[in-house]
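S.K.: First to last, the sequence lines map onto chains A and B. Sequential numbering of the first sequence, starting at 5, is according to this note's numbering. Sequential numbering of the second sequence, starting at 166, is according to this note's numbering. A virtual CB, placed ideally from N, CA and C, is assigned to each residue, including glycine. This structure is a prediction, so every number in the text was calculated from the model and none was measured. If you scroll down you'll find the structure; I have some questions about it.
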Amino acid sequence: MQPALHNLFDQFLVYMQSGGFVMWPLFVLVIVLWYALGYRFHAIKRGSQKSVRVLIRKFDSGKREVPRGLIDGAIVDALQIVNEGYRGTIGRELIEDAFFPYYQELKKYRKTVNTIVMVSPLIGLLGTVAGMIETFDSLGSMTLYSQGGGIAGGISQALFTTQLGLVVAVPGLVVGRLIDRRSKIMELELEQIKDIVCSEEEGK
Amino acid sequence: MKRIVLILMMAVLSLSAATETELQRAYAKEFAFLKAQKEMLQQRLSQVKKEDAARISSAKKEIASLQNDVLVKTQTSDRLGEQLFRSQQNAENISDDTALLESVALQGQSSLAPYGIKLAIDKNDYPATLNQLFAETLKLSRDLSSVNVTEGSFYLKDGTEQKGKLVKVGNIATYGVAEGVSGVLVPAGGDKLKLWDAPASAATATALAAGQMPASLEIFVYENVSKEVEDKADKGVMDVIESGGIIGWVIVVMGLFALLLVVLRGFFLSGAASKTLPVAKETLVELQSKGVEATLNFLKTRKGAAARVMKATVRNLDRDREHVEDIVAEAIMHESERLDRYGSAIMVVAAVAPLLGLLGTVTGMIATFDIITEFGTGDPKLLSGGISIALVTTELGLIVAIPLLLLGNMLNGWAERIKDGMEQSALHLINEYNKQK
Numbered sequence: 005m006q007p008a009l010h011n012l013f014d015q016f017l018v019y020m021q022s023g024g025f026v027m028w029p030l031f032v033l034v035i036v037l038w039y040a041l042g043y044r045f046h047a048i049k050r051g052s053q054k055s056v057r058v059l060i061r062k063f064d065s066g067k068r069e070v071p072r073g074l075i076d077g078a079i080v081d082a083l084q085i086v087n088e089g090y091r092g093t094i095g096r097e098l099i100e101d102a103f104f105p106y107y108q109e110l111k112k113y114r115k116t117v118n119t120i121v122m123v124s125p126l127i128g129l130l131g132t133v134a135g136m137i138e139t140f141d142s143l144g145s146m147t148l149y150s151q152g153g154g155i156a157g158g159i160s161q162a163l164f165t166t167q168l169g170l171v172v173a174v175p176g177l178v179v180g181r182l183i184d185r186r187s188k189i190m191e192l193e194l195e196q197i198k199d200i201v202c203s204e205e206e207g208k
Numbered sequence: 166m167k168r169i170v171l172i173l174m175m176a177v178l179s180l181s182a183a184t185e186t187e188l189q190r191a192y193a194k195e196f197a198f199l200k201a202q203k204e205m206l207q208q209r210l211s212q213v214k215k216e217d218a219a220r221i222s223s224a225k226k227e228i229a230s231l232q233n234d235v236l237v238k239t240q241t242s243d244r245l246g247e248q249l250f251r252s253q254q255n256a257e258n259i260s261d262d263t264a265l266l267e268s269v270a271l272q273g274q275s276s277l278a279p280y281g282i283k284l285a286i287d288k289n290d291y292p293a294t295l296n297q298l299f300a301e302t303l304k305l306s307r308d309l310s311s312v313n314v315t316e317g318s319f320y321l322k323d324g325t326e327q328k329g330k331l332v333k334v335g336n337i338a339t340y341g342v343a344e345g346v347s348g349v350l351v352p353a354g355g356d357k358l359k360l361w362d363a364p365a366s367a368a369t370a371t372a373l374a375a376g377q378m379p380a381s382l383e384i385f386v387y388e389n390v391s392k393e394v395e396d397k398a399d400k401g402v403m404d405v406i407e408s409g410g411i412i413g414w415v416i417v418v419m420g421l422f423a424l425l426l427v428v429l430r431g432f433f434l435s436g437a438a439s440k441t442l443p444v445a446k447e448t449l450v451e452l453q454s455k456g457v458e459a460t461l462n463f464l465k466t467r468k469g470a471a472a473r474v475m476k477a478t479v480r481n482l483d484r485d486r487e488h489v490e491d492i493v494a495e496a497i498m499h500e501s502e503r504l505d506r507y508g509s510a511i512m513v514v515a516a517v518a519p520l521l522g523l524l525g526t527v528t529g530m531i532a533t534f535d536i537i538t539e540f541g542t543g544d545p546k547l548l549s550g551g552i553s554i555a556l557v558t559t560e561l562g563l564i565v566a567i568p569l570l571l572l573g574n575m576l577n578g579w580a581e582r583i584k585d586g587m588e589q590s591a592l593h594l595i596n597e598y599n600k601q602k
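Structure follows, in structure tokens:
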């Protein structure tokens, strides 16, 4: 097991070296990207899967007390403010105030993910251009077969970087979009909580 | 009148009656003569016909014999023509083969000449010449495919000549071993060799000179020793920018300018961000414990965007809710002018830099094609120069654009968060104040 792992690591190093200087920044970006995606995926856990109305009724009647996710937490906060006796416009403002951290949590790293997805193909392109420059340089200086470079080295650099750039960008784009969609839906649900809680209290 | 005609008719009738018998006799005589003549003519006709038939049949016989004759002769001529064609072809083939043999012999002669082997071409005995040629070539190729150690000299990096051992790997690579210096050699032009800048090759060279086979060969393979190989000069940043031409410089200057803006904006934002939350908290504590007037006095001692927004909020706390919200929004808008400063300029540079790179690429390609029209495609060095200029500008454009995109987006997000935070703090303040009332 150990030698196999070692071998894999060596292969990875060879891959990184054959891509030239843009590979390590790209690699760092991959790690940041997946950290951000993982954070977002974790942060936008909804909690209970039932609809917002049902959840509010449950929490209000005391059947459930411990929040399991973001929406649950928001409902608990909203009900607490309402139960303290703040109603109508003031209650609505207070709830909005209390929801601010949730909104921020939903937005966190959204821009980071989008930026990395946008930038990584560009970095791949940069590596491609650098590789092509190396190829043409070695054409110019007639060092076609010299070690660690030359035509084949330049072309492999050009291809590896484009490859890694796309490998970073495409899954990041797909997963990022999915998470974006979920976070948009949850923002709408937060609005819904506000509306339901305030209107019910006014109706009482 | 009628009478005259009648008289004339009568006269004619009477005359004819008188000459009738004479006429008949004359006719009979004539008829007999003609009949005799006709018979004679018919006789002659049949005779002539017979003669003709005989002549025609003899002529036909003659024609047939002549035709036979012609046929036989045509066949003979065809056969002869074919034979002639074949022999012509043979003659051509032979001359072609001779030319081929001669060119092979000449080629062999000229190929072997650089290695000091002289080959005499005997035009009357090509097989012997070819045998000699192949024997010599085989010997030479055996020599060239082995590792030889000879005494010789090579040039060092500083241009001095150094005597030592030359380890020739066939005719495609050479190592030099001398006291102190050794390594792989590359052609220096004019059949001379020079030391290549590859420190790792020293071990290979000494190992080969000692007759050992190292595990890995540091090798420089060359085609021939007459063409000099240039040292690959280490390119500095300046050289790279320089090879991008004017457009390269424009991109670099724009990039540096944008980087300066990024630093300035980061500085602004870090100042604003570090103050927002503490100021908001202190204001809230002050407001809850001491009241509006004291808070205003406290805020007057503070500086910064957050303090100004708070001040505007506290001053208008007693107005109705929507009015206060408008005031807060306006105050933040006023501050956002400062927070957003340079943001769009940075993004513009990030967007324009790759476009400028593309422009440089196109310009470089145009230069390349100009060179092609002027000098042709013969020298790859000329072409690769233009192409690498084209690529360098693209590279510079991307090098400028990528960090600016990353940093610019990060700073925009940061500014957004600061503004959100200020708005939130202000509204929180209003809520707390209203709760207290």
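(1) Flag this pair as touching only if the segment 555–572 of chain B and the segment 521–541 of chain B have three or more C-beta atom pairs under 8 Å; answer yes or no.
(2) What in chain B is Cβ-close to residue 104 of chain A, meaning under 7 Å?
(3) Runs of 3 residues minimum, wholly inside the segment 276–340 of chain B: which ones carry the beta strand (DSSP E) assignment?
(4) Counting only C-beta atoms, is residue 255 of chain B closer than 7 Å to chain A at any point?
(5) Could you give the residue range of the alpha helix (DSSP H) that holds residue 380 of chain B?
(6) Using a cut-off of 7 Å between C-beta atoms, extract the partners of residue 474 of chain B located in chain A.
(7) Mind checking the segment 128–145 of chain A against chain B and listing, in chain order, the residues whose C-beta falls within less than 7 Å of any C-beta there?
(8) Please work out which residues of its chain come closer than 8 Å, Cβ to Cβ, to residue 602 of chain B, disregarding the five sequence neighbours upstream and downstream, and give them in chain order.
(9) What do you get for residue 596 of chain B, buried or exposed, if any count of 16 or more other CB atoms within 10 angstroms of its CB means buried?
(10) Strictly under 7 Å for the Cβ-Cβ distance: is residue 119 of chain A near chain B by that measure?
(11) Considering only the beta carbon of each residue, do residue 533 of chain B and residue 551 of chain B sit closer than 7 Å?
(12) Is it the case that the Cβ atoms of residue 119 of chain A and residue 571 of chain B are separated by a distance below 7 Å?
(13) Would you please verify whether the beta carbon of residue 98 of chain A is less than 7 Å from any beta carbon of chain B?
(14) Mind listing which residues of the segment 12–32 of chain A have their C-beta closer than 8 Å to chain B's C-betas, in chain order?
(15) Indicate whether residue 94 of chain A and residue 599 of chain B have their beta-carbon atoms separated by less than 7 Å.
(16) Could you tell me how far apart the beta carbons of residue 56 of chain A and residue 75 of chain A are, in whole angstroms, since I believe they sit closer than 8 Å?
(17) Could you spell out where the beta strand (DSSP E) holding residue 357 of chain B opens and where it closes?
(18) What separation, rounded to the nearest whole angstrom, lies between the Cα atoms of residue 433 of chain B and residue 503 of chain B?
(19) Compare the Cα-Cα distances from residue 190 of chain A to each of A/29, A/137 and A/77 and report the closest residue.
(20) Kindly give me the distance between the Cβ atoms of residue 60 of chain A and residue 79 of chain A, rounded to whole angstroms, as I take these residues to be in contact under 8 Å.
(21) Using the Cα positions of residue 479 of chain B and residue 453 of chain B, report the straight-line distance between them to the nearest angstrom.
(22) Determine, using beta carbons only, whether residue 487 of chain B comes closer than 7 Å to chain A.
(23) Can you list, in chain order, the residues of its chain whose CB lies under 6 Å from that of residue 515 of chain B, leaving out five sequence neighbours each side?
(24) Quick check on the burial criterion: 16 or more other C-beta atoms within 10 angstroms. Buried or exposed for residue 325 of chain B?
(25) Within its chain, find whatever has a CB closer than 6 Å to the CB of residue 586 of chain B; leave out the 5 residues flanking it on each side and keep chain order.
(26) Taking the alpha carbon of residue 123 of chain A as the point to measure from, which residue in A/114, A/156 and A/169 has its own alpha carbon closest?
(27) Please tell me whether residue 559 of chain B has its Cβ less than 7 Å away from any Cβ of chain A.
(28) I'd like to confirm the pairing. Which residues does DSSP put opposite residue 347 of chain B in its beta bridges?
(29) Could you tell me which residues DSSP puts in a beta bridge with residue 354 of chain B?
(30) To the nearest angstrom, how far is the alpha carbon of residue 386 of chain B from that of residue 290 of chain B?
(31) So, is the C-beta of residue 578 of chain B closer than 7 Å to a C-beta in chain A?
(32) Keeping to the same chain, check which residues put their C-beta closer than 8 Å to that of residue 151 of chain A; ignore five residues upstream and five downstream.
(33) Does the Cβ-Cβ distance between residue 101 of chain A and residue 576 of chain B come in under 7 Å?
(34) Are the beta-carbon atoms belonging to residue 531 of chain B and residue 438 of chain B less than 7 Å from one another?
(35) Measuring only the C-alpha atoms, how far is residue 287 of chain B from residue 302 of chain B?
M.R.: In brief:
(1) yes
(2) 589
(3) 312–320 and 326–334
(4) no
(5) No alpha helix (DSSP H) holds residue 380 of chain B; DSSP gives it neither H nor E.
(6) Those do not exist, as residue 474 of chain B stays about 16 Å from chain A at its closest Cβ, beyond 7 Å.
(7) 129, 130, 133, 134, 136, 137, 140, 141, 143, 144 and 145
(8) none
(9) buried
(10) yes
(11) yes
(12) yes
(13) yes
(14) none
(15) yes
(16) 7 Å
(17) 357–360
(18) 8 Å
(19) A/77
(20) 6 Å
(21) 12 Å
(22) no
(23) 566, 569, 570 and 573
(24) exposed
(25) 441
(26) A/169
(27) yes
(28) B/342
(29) B/357
(30) 39 Å
(31) yes
(32) Unreliable positioning characterises residue 151 of chain A in this predicted model, as indicated by a pLDDT of 48, which lies under 50. The coordinate reading is nonetheless provided below. No residues qualify anywhere along the chain.
(33) no
(34) no
(35) 18 Å
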